Every structure is written in C-alpha cells, then in structure tokens.
Amino acid sequence: MSFPHPAARDARADTHRRVPLTHPVLDSGGGDTSLAARSQRAVWHPCTRLRPDASANEPPLAIVRGEGPWLIDAGDKRYFDAISSWWVNLFGHANPAINAAIGEQLQTLEHVMLAGCTHAPAVELAERLTALTGGALGNAFYASDGASAVEIALKMSFHYWRNTGLTAKREFICLRHGYHGETVGALAVTDVEIFRDAYDPLTRRAHVVMSPDARQAARSESAADVATRALAELEALLRERAGQIAALIVEPLVQGAAGMAMYDPSYLEGARALCDRYRVHLIADEIAVGCGRTGTFFAWEQARGGDAVPAHAWPDFLCLSKGITGGYLPLSLVLSRPEIQRAFVADDIARSFLHSHSYTGNPLACRAALATLDLFESEDVLARNRERAQWLGTAMAGIAADPRVSHVRQRGMIWAADIDPQAAGANFAGRFHLAARERGVLARPIGHTLYVMPPYVFDAELANWLGEQLLDTLQAVLDPAEEARHAA
Ligand SMILES: Cc1ncc(COP(=O)(O)O)c(C=O)c1O
Numbered sequence: 014m015s016f017p018h019p020a021a022r023d024a025r026a027d028t029h030r031r032v033p034l035t036h037p038v039l040d041s042g043g044g045d046t047s048l049a050a051r052s053q054r055a056v057w058h059p060c061t062r063l064r065p066d067a068s069a070n071e072p073p074l075a076i077v078r079g080e081g082p083w084l085i086d087a088g089d090k091r092y093f094d095a096i097s098s099w100w101v102n103l104f105g106h107a108n109p110a111i112n113a114a115i116g117e118q119l120q121t122l123e124h125v126m127l128a129g130c131t132h133a134p135a136v137e138l139a140e141r142l143t144a145l146t147g148g149a150l151g152n153a154f155y156a157s158d159g160a161s162a163v164e165i166a167l168k169m170s171f172h173y174w175r176n177t178g179l180t181a182k183r184e185f186i187c188l189r190h191g192y193h194g195e196t197v198g199a200l201a202v203t204d205v206e207i208f209r210d211a212y213d214p215l216t217r218r219a220h221v222v223m224s225p226d227a228r229q230a231a232r233s234e235s236a237a238d239v240a241t242r243a244l245a246e247l248e249a250l251l252r253e254r255a256g257q258i259a260a261l262i263v264e265p266l267v268q269g270a271a272g273m274a275m276y277d278p279s280y281l282e283g284a285r286a287l288c289d290r291y292r293v294h295l296i297a298d299e300i301a302v303g304c305g306r307t308g309t310f311f312a313w314e315q316a317r318g319g320d321a322v323p324a325h326a327w328p329d330f331l332c333l334s335k336g337i338t339g340g341y342l343p344l345s346l347v348l349s350r351p352e353i354q355r356a357f358v359a360d361d362i363a364r365s366f367l368h369s370h371s372y373t374g375n376p377l378a379c380r381a382a383l384a385t386l387d388l389f390e391s392e393d394v395l396a397r398n399r400e401r402a403q404w405l406g407t408a409m410a411g412i413a414a415d416p417r418v419s420h421v422r423q424r425g426m427i428w429a430a431d432i433d434p435q436a437a438g439a440n441f442a443g444r445f446h447l448a449a450r451e452r453g454v455l456a457r458p459i460g461h462t463l464y465v466m467p468p469y470v471f472d473a474e475l476a477n478w479l480g481e482q483l484l485d486t487l488q489a490v491l492d493p494a495e496e497a498r499h500a501a
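Mapped onto our numbering, the consecutive letters of the sequence shown carry residue numbers 14 to 501.
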C-alpha cells in the first residue's frame, strides 16, 4: 500500500486557492474572491452569454441556503423564488418532509443500477404514477433530466413502429415555439430559434405546425376557435405524411419556454383524435406542466374540459421531470400505454429498447418523488392550490391593469402577461430580473413575457407582497428614470 506524499496532500487541500484569481479570457483582473466571482472563473454557467467585455457579465447570485419559498444569499438577503428555480420546486426549499425522506433513504441505499437490479422506491413510484393515470399509462422508464425523457419517448415511438413493421415512420411533429429540451434529439422537436439554430446542422428537424396559442385569436375568435384552426393545420399535414410520421409531441395547455403560451384544452382532445385516426403517437411533454402546475396533477386530465379522461383518450407517452422530486434531485421518466411495451417483447435483441443512463431510477431521487406524492395526498395540495391560484391572480391585478400590459392569462399556478415591446425597451428580461432581485424577488421574464410560477407554499399576504414587488419592479423598469433613481 502506498501513501500519498505529504506535499501532495497539502496541494489537494489548497486546490481552490490554486485556481487563478483572474479568468484568462473574461476577466479584466481585480482578484475578486467572492463566491460569485470564483463561480464565473470556475463554472461554465448554463444558458448564459459570455461577453468579451468582462464588466458586461453579470455575476451570478450566490445562494447559501433555502427556506420555504425563499432563497438566501451570504448577506442574509432573501429572494422569493417566483419561478420555482426553473420550474422545479413544489413545496419550498429545505422542505422538512422531503429532507427526512431523502435522509432516511440515504441510510439504506444511495444508488444501484436499474438494469438487472431493482429497489423499492423505483417500484413504488412507478406503481403510484400509474395509479394516478387510472391505469391508462405505465411501464415507467426512468432517466435523469427532462431532455432525456423526451429522447426516450422519441426513440420508443420510432422503435415501436419499426417493431410493428412500419419502418417508414421516422418523422416527428412539434408545435410552433414548442420547447422540449436541448440535447440534439430534443432540439429537433424544439422550435425556439435561440436554442436550436446553431445546432440545426446536427438535427433532423421535425415538422412544425401551428400552435394553438390563444394569443393569436382574431377579434371575433375564441381560444377554442384558435385551437380548431391549429387542429386543421395538423390534420392537413397528417393527411399528407402520416405514413412517415411516428409521433406528435406537445406541451399540454401551456408552452412554457414559448413565453407561457396558454391554449384551449379542446386542442388536446382534438389532437388525440387525429393521432388515432392517422395512426400517429401522441407524446405529452408534462416536464414543466405536470405535478399540479396547471391545476390538476397531470395537465392532460383537463383534456376533456374537466370530465374524467377515459383510458383511450390519454396520450401514448407522457414525460415527467422537474417537480416530480419536489425540485430536489434530477429525475425524469416516461410513462406509456401497455401496448407500446408489448411491441418490444421479443427474443430478437434488435427489438429491445436498450436505452440507459447511469443514474436511471436513482433511489434518493425516487424517494424524494414518493415524499412529494405523499405531500400531495396528505395536504390536499390540488384543492388548496385552487385558493392559492386565486390569491395569485388577485395579487397580479395591479400589473394586469397597466395599459402597457396585454394577454393577461393564468392556468392554475402559472400566471403570465405580455409587456408592450415598445414600452419594454431593450433587454427587458435582463433589466427586470436585476430590478426584481433588488426588491427581493427571483424572476426571469421570457422576452417580453412576465410570468410567475411559485412553489405551492404561500398565503394571500405573501402573494400580495409578491404582486406589489413585481408591480414596483415593472414600473421602475418601464420608466428608466425611476430605475436609475432606485439603483442610486
Ligand atoms: C416542456 C419541457 N420539456 C423539456 C424540458 C427539458 O428539461 P431539462 O432541462 O431537465 O432537460 C423542459 C425544460 O424547461 C421543458 O420545459
């Protein structure tokens, strides 16, 4: 046995101090040792522009702890997490029940591979999610991030058709401005230019059809009319190319990254009927809208305008991630209809679904998800959220009344409105984000769309406080003189 040389140990202990105090490309120098500055030097942050002018790179907000809906920085300043940390958090940060469940799981089994092995949290979670679909969907296939779940659904659909002899079905349809993640396969069904265009040469772009986004309604049209128009466009494509199309993928009820574009539930029922008629799979991407965000546990439950959804009217695949662990750990999964799995039952290995990820079905993540489902049951969350949704709508009334604000909309726990682009000016989202931070709110508008999607842990008073801060922020951002005064 050999022991490391003492000098080697010292060098390891000192590692962080050996990271240069300036960034070779992005820093103008200064040797800032704050966590934010060190992060800028050591971490390549997601979805973040790196500008050659170092002073233009806004340092990240360094968070040291979380508590309910609050994120807290090193100076003890608190920020209300109005966007649930990228739409993942459901029951607040450092939730005691989820903490305890993960702690307990940690004492027994932290991880085991799911190929050839299994464990109780993965099995129980799969069983409970199947029960939540009334048994319509099952065969939980686990992965880690949302984009991986989308990749799995796309691959399974294509492979299903191949296994059933329909080898020409290898194309996909997505909705205009739809977003399904940023791995190469998921980008092919994503219609958000800033994420997709640079990688276009790598993808096999899907067919893009009209979104049912209700904001497109002409003066005399209802949201349902827009959905009908969108369905007509979908049908025209299916009539022409169904023989080559494997699946349609949709974000049910709310297209998140499109700017919380909301649409009439009749689109879901209509799309289901068309997919049946033309023998095309329907993939419901509930990564953002699942877990109660839209008012029901699965957004798809609203496909029939509130009536129970019979087994045959569920999608063929349903992708879930983000909130399923309460926002604690990366976990995603794909539920599918029983007949999908049947097509993979064969001695021939080429007919098997050989997809895998190392952390597939991680026990800690599954246990966090079970604790999340327990909270839904024990605290009657969906019923209580109906009241919270009302508080949210009321709290945002001041913003809704501003003449520069249009298309005010809400679906369950998601509230959004558009700001007149002229009034918003350049880089509205970035300016709003910083001004809201000053006021103790973490918000990230999408383009000119201001939205909130908070964790389910606020009362009427806190909702009103949030509404006041956001209104104050908006007024400051739309009035640059006011913004400058606040910053001074
Ligand atoms: C609808 C939808 N699908 C897929 C994804 C991708 O999930 P992830 O970021 O975990 O890969 C997202 C992420 O925001 C999403 O909103």
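C-beta: ideal position from N, C-alpha, C; glycine also. Note that this is a predicted model, so its numbers are computed, not measured.
Let's test the definition: count the other Cβ atoms within 10 Å of the Cβ of Glu164 and tell me whether it reaches 16, buried, or not, exposed. Locating residue 164 in the sequence shown gives position 151, counting from the first residue. Glu164 should be labelled buried.
Let me know if Pro225 comes out buried or exposed under the rule of 16 or more other beta-carbons within 10 Å of its beta-carbon. The residue you call residue 225 lines up with position 212 of the sequence shown. The residue is buried, with at least 16 neighbouring Cβ atoms inside 10 Å.
With 16 other CB atoms within 10 Å as the buried threshold, where does Gln120 fall? Looking up residue 120 in the sequence shown gives position 107. That one is exposed.
8 Å Cβ cutoff met for Gly308 and Gly425: Taking the first residue of the sequence shown as 1, we reach residue 308 at position 295. Taking the first residue of the sequence shown as 1, we reach residue 425 at position 412. Cβ atoms of Gly308 and Gly425: closer than 8 Å.
Check whether the stretch 138–152 touches the stretch 344–354, counting contact only when three or more Cβ pairs, one atom from each stretch, lie closer than 8 Å. yes
Quick check: what's the CA-CA separation for His420 versus Gly406? On the sequence shown, residue 420 is found 407 positions in, with the first residue counted as 1. On the sequence shown, residue 406 is found 393 positions in, with the first residue counted as 1. Going by the C-alpha atoms only, they are around 13 Å apart.
According to DSSP, is Ala363 part of a helix, a strand, or is it coil? Position 350 of the sequence shown holds residue 363. Of the three classes helix, strand and coil, the one that applies to Ala363 here is helix, per DSSP.
So, does the stretch 276–286 touch the stretch 236–255, judging by three or more C-beta pairs under 8 Å? yes
Sequence-distant residues of the same chain with beta carbon closer than 6 Å to Phe208, five excluded per side: Taking the sequence shown and counting its residues from 1, one reaches residue 208 at position 195. Counting only Cβ-Cβ distances below 6 Å, and skipping sequence neighbours, we find Glu195.
Check: Thr300 C-beta below 7 Å from any heavy atom of ligand 1: Position 287 of the sequence shown, counted from the first residue, corresponds to residue 300. As written in the sequence, residue 300 is Ile, which differs from the Thr given in the question. Checking the Cβ of Ile300 against ligand 1 gives yes.
Going along the chain, which residues of its own chain have a beta-carbon closer than 6 Å to the beta-carbon of Ala135, five neighbours each way excluded? Position 122 of the sequence shown, counting from 1, holds the residue named residue 135. If we look at Ala135 and ignore the five residues flanking it on each side, its Cβ neighbours are Gly374 and Cys379.
Could you compute how far the alpha carbon of Ala67 sits from the alpha carbon of Ser52? As a first step, residue 67 must be located in the sequence shown, where it is residue number 54. As a first step, residue 52 must be located in the sequence shown, where it is residue number 39. Going from the Cα of Ala67 to the Cα of Ser52 covers about 14 Å.
Under 8 Å between C-beta atoms of Val263 and Ala237: Taking the sequence shown and counting its residues from 1, one reaches residue 263 at position 250. Taking the sequence shown and counting its residues from 1, one reaches residue 237 at position 224. No.
Per-residue burial, Cys130 [other beta carbons within 10 Å of its own, 16 or more giving buried]: In the sequence shown, residue 130 corresponds to position 117, counting from 1. Counting Cβ neighbours within 10 Å, Cys130 comes out exposed, since fewer than 16 surround it.
Span of the beta strand (DSSP E) around Gln423: Residue numbering aside, residue 423 sits at position 410 when the sequence shown is read from its first letter. Note, Gln423: beta strand (DSSP E), Val418 to Arg424.
What does the Cβ neighbour count give for Ile412, buried or exposed, with the cut at 16 atoms within 10 Å? By 1-based counting over the sequence shown, the position of residue 412 is 399. Buried, by the Cβ-count rule.
Please find out if some non-hydrogen atom of ligand 1 comes closer than 7 Å to the beta-carbon of Trp100. The sequence position of residue 100 within the sequence shown is 87, counting from 1. Yes, ligand 1 has a heavy atom inside 7 Å of this Cβ.
Would Met466 and Ser97 be called neighbours here (beta carbons separated by less than 8 Å)? Locating residue 466 in the sequence shown gives position 453, counting from the first residue. Locating residue 97 in the sequence shown gives position 84, counting from the first residue. For Met466 and Ser97, yes; Cβs fall inside 8 Å.
Under a Cβ-count criterion, where at least 16 other Cβ atoms within 10 Å of its own Cβ denotes burial, should Val358 be classed as buried or exposed? Mapped onto the sequence shown, residue 358 falls at position 345. Exposed is the call here.
Assumed close pair Pro265, Trp313 - CB separation to whole angstroms, cut-off 8 Å: Position 252 of the sequence shown, counting from 1, holds the residue named residue 265. Position 300 of the sequence shown, counting from 1, holds the residue named residue 313. That pair is a contact at about 5 Å.
I want to check one thing, is the minimum distance from the CB of His124 to the heavy atoms of ligand 1 below 7 Å? For the purposes of this step, residue 124 is identified with residue 111 of the sequence shown, where counting begins at 1. Result no, Cβ not under 7 Å from ligand 1.
By a C-beta neighbour count over all protein chains shown, 10 Å radius and 16 as the cutoff for buried, is Asp289 buried or exposed? Translated into positions along the sequence shown, residue 289 becomes position 276. Counting Cβ neighbours within 10 Å, Asp289 comes out exposed, since fewer than 16 surround it.
Take Gln257 as the anchor and find which of Leu342, Ser170, Tyr212 and Ala476 has the nearest alpha-carbon. Position 244 of the sequence shown, counting from 1, holds the residue named residue 257. It is Ser170.
Between Arg334 and ligand 1, is the CB less than 7 Å from at least one heavy atom? Taking the sequence shown and counting its residues from 1, one reaches residue 334 at position 321. Sequence inspection shows Ser at residue 334; the Arg mentioned does not correspond to that position. Yes, since a heavy atom of ligand 1 falls inside the 7 Å radius drawn around the Cβ of Ser334.
Between Glu451 and ligand 1, is there a pair consisting of the residue's CB and a ligand heavy atom that are separated by less than 7 Å? Position 438 of the sequence shown holds residue 451. Answer for Glu451: no, Cβ out of range of ligand 1.
Within 8 Å of any Cβ in chain D, is that where the Cβ of Leu287 sits? Included in the structure is just one protein chain, with no chain D present.
Candidates Ala227, Arg232 and Asp492, of which the one nearest Thr241 by Cα: Working through the sequence shown from its first residue, we reach residue 241 at position 228. Taking only the C-alpha atoms, the option nearest Thr241 is Ala227.
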